[in-house]
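To start, the structure under review is shown below, and the notes come after it.
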Amino acid sequence: MSSVDLPLVSVVVTGYKRPKELARTIESFLSVVQYEPLELVLADDGSPEELRAPMRELPFDHFVFAERNRGLGANTNAGLAAAKGEFIFQLEDDWLCTGPADFLARGVELLRARPEIGIVRYTRVFSDSDELPPHEVPGWDSTVKIFRPEAGSDYFLYSNHPHLKSREFMEYMGPYKESRYMQRSEFDMRDRFNAQSRYAAALIEGCDSFAHIGEESSHRRPLPAARVGMFLDRFPPLRPLANVLRRLKRMVHPGP
Numbered sequence: 332m333s334s335v336d337l338p339l340v341s342v343v344v345t346g347y348k349r350p351k352e353l354a355r356t357i358e359s360f361l362s363v364v365q366y367e368p369l370e371l372v373l374a375d376d377g378s379p380e381e382l383r384a385p386m387r388e389l390p391f392d393h394f395v396f397a398e399r400n401r402g403l404g405a406n407t408n409a410g411l412a413a414a415k416g417e418f419i420f421q422l423e424d425d426w427l428c429t430g431p432a433d434f435l436a437r438g439v440e441l442l443r444a445r446p447e448i449g450i451v452r453y454t455r456v457f458s459d460s461d462e463l464p465p466h467e468v469p470g471w472d473s474t475v476k477i478f479r480p481e482a483g484s485d486y487f488l489y490s491n492h493p494h495l496k497s498r499e500f501m502e503y504m505g506p507y508k509e510s511r512y513m514q515r516s517e518f519d520m521r522d523r524f525n526a527q528s529r530y531a532a533a534l535i536e537g538c539d540s541f542a543h544i545g546e547e548s549s550h551r552r553p554l555p556a557a558r559v560g561m562f563l564d565r566f567p568p569l570r571p572l573a574n575v576l577r578r579l580k581r582m583v584h585p586g587p
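So in this note's numbering, the last one in the sequence shown is 587, and the numbering has no gaps at all.
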């Protein structure tokens, strides 16, 4: 299939105050992926002007700079609103692309052929404990697995790890929850995906295509209950209370 036959994919990269990681992310992506047409969108969540300057030198088609830092949800919503593609590849600014070169083309082919699949994941982990059992996709070889949502489960079938999704799926799911805490935005979208039955997630074997490079410079802030637990840990007699808080947190928001 020639590039003339392929739909536009909008690559929406979200980031904040990490121009070096951002440069590595987009340069590795463009050096690996063999797909066109692409539209490259950067959504930056209020980085200071001195950090925006090197960002503007990167090969994006559109820049969406927030006036102030509003959090992952609002920044993602702004980037997605600027995207024009039939499909959206969502990427944060701290993932190194490792290939294979056709991972994006294979994802587009799958989503076009199987509209019941809303999202193709390019990282493997679905939960902290184990993986959700997959199902083979009828009519495809065994390298394609689908994962059907389960209401109330803590599986991250939908997460902010690198993924491709259809515009129809994106519009069906609606915007991200806007919160200063990344986890609240992530958990909310995960729970909404798990509560619906229209769309499944998919993984293509051999297309586990990204390595995380941003652990040391993560912007993830502990939720309030977690911060209280960290404070109580400093005092040995109060550690049992900290453990109780963690158990309550897992009951309300299972996950990392």
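Even for Gly, the Cβ is constructed at its ideal location relative to N, Cα and C.
None of these values were measured; they are calculated from a predicted model.
Q.
Met513 and Leu403 - do their beta-carbons sit closer together than 8 Å?
A. Taking the sequence shown and counting its residues from 1, one reaches residue 403 at position 72. Taking the sequence shown and counting its residues from 1, one reaches residue 513 at position 182. At a Cβ-Cβ threshold of 8 Å, Leu403 and Met513 count as neighbours.
Q. Going by other Cβ atoms of all chains shown within 10 Å of its Cβ, with 16 needed for buried, is Glu423 buried or exposed?
A. Numbered from 1 along the sequence shown, position 92 holds the residue referred to as residue 423. Classification for Glu423: buried.
Q.
Among Asn400, Tyr366, Ser528 and Leu495, whose alpha-carbon lies nearest the alpha-carbon of Ala436?
A. Here residue 436 is taken as the residue at index 105 of the sequence shown, counted from 1. Selected option, being the one with the closest Cα: Tyr366.
Q.
As an exercise, report each continuous alpha helix (DSSP H) stretch of at least 4 residues that is fully enclosed by the segment 434 to 498, in chain order.
A. For secondary structure counted as the alpha helix (DSSP H) over 4 or more consecutive residues, the segment 434 to 498 holds these complete runs in sequence order: 434 to 444.
Q. Which whole-angstrom value describes the C-beta separation of Gly377 and Arg401, a residue pair presumed to lie in contact below a C-beta threshold of 8 Å?
A. Looking up residue 377 in the sequence shown gives position 46. Looking up residue 401 in the sequence shown gives position 70. Sure, about 7 Å apart at Cβ, within 8 Å.
**Q.** Ala414 versus His466 - alpha carbon distance
**A.** Here residue 414 is taken as the residue at index 83 of the sequence shown, counted from 1. Here residue 466 is taken as the residue at index 135 of the sequence shown, counted from 1. Within the model, the alpha-carbon separation for Ala414 versus His466 is close to 31 Å.
Q: Please determine, among Asn406, Val451 and Leu442, the residue with the shortest C-alpha to C-alpha distance to Cys538.
A: Taking the sequence shown and counting its residues from 1, the one referred to as residue 538 is at position 207. Minimum Cα distance to Cys538 is reached at Val451.
**Q.** Three-state class that DSSP yields for Leu422 in the structure shown
**A.** The residue given as residue 422 occupies position 91 in the sequence shown. Leu422 falls in the strand class under three-state DSSP.
Q | Trp426 to Asn491 span [Cα, whole Å] | A | Translated into the one-based positions of the sequence shown, residue 426 becomes position 95. Translated into the one-based positions of the sequence shown, residue 491 becomes position 160. Spanning the two alpha carbons is a distance of roughly 11 Å.
Q: Could you check what DSSP says for Leu339 in three-state terms: helix, strand or coil?
A: Here the question's residue 339 lines up with position 8 in the sequence shown. When DSSP states are grouped into helix, strand and coil, Leu339 belongs to the coil group.
Q | Proximity below 8 Å, CB of Val475 to CB of Ala533 | A | Reading the sequence shown from its first residue, position 144 is the one you call residue 475. Reading the sequence shown from its first residue, position 202 is the one you call residue 533. Taking 8 Å as the Cβ cut-off, Val475 and Ala533 qualify as a contacting pair.
Q: Return the residue from the list Leu369, Asp522 and His543 that minimises the CA-CA distance to Thr454.
A: If you number the sequence shown from 1, residue 454 lands on position 123. Closest by alpha carbon: His543.
Q: Let me know if Gln527 comes out buried or exposed under the rule of 16 or more other beta-carbons within 10 Å of its beta-carbon.
A: Walking along the sequence shown from the start, residue 527 turns up at place 196. The residue in question, Gln527, is exposed, as its Cβ has fewer than 16 Cβ neighbours within 10 Å.
(Q) By the DSSP assignment, the beta strand (DSSP E) with Ile535 in it spans what residues? (A) Counting from one through the sequence shown, the residue named residue 535 turns up at place 204. Residues Ala531 to Ile535.
Q.
By alpha-carbon positions, which one of Ser359, Arg387 and Leu488 ends up nearest to Pro431?
A. For this step, residue 431 is matched to residue 100 along the sequence shown. Ranking Ser359, Arg387 and Leu488 by Cα distance to Pro431 puts Ser359 first.
Q.
Do Gln421 and Lys496 have their beta-carbon atoms positioned less than 8 Å apart in this structure?
A. The residue labelled residue 496 in the question sits at position 165 within the sequence shown. The residue labelled residue 421 in the question sits at position 90 within the sequence shown. It is a contact, given that the beta carbons lie within the stated cut-off.
Q) Of the choices Glu417, Lys348, Leu441 and Val344, whose alpha-carbon is the least far from that of Gly410? A) In the sequence shown, counting from the first residue as 1, residue 410 sits at position 79. It is Val344 whose Cα lies nearest to the Cα of Gly410.
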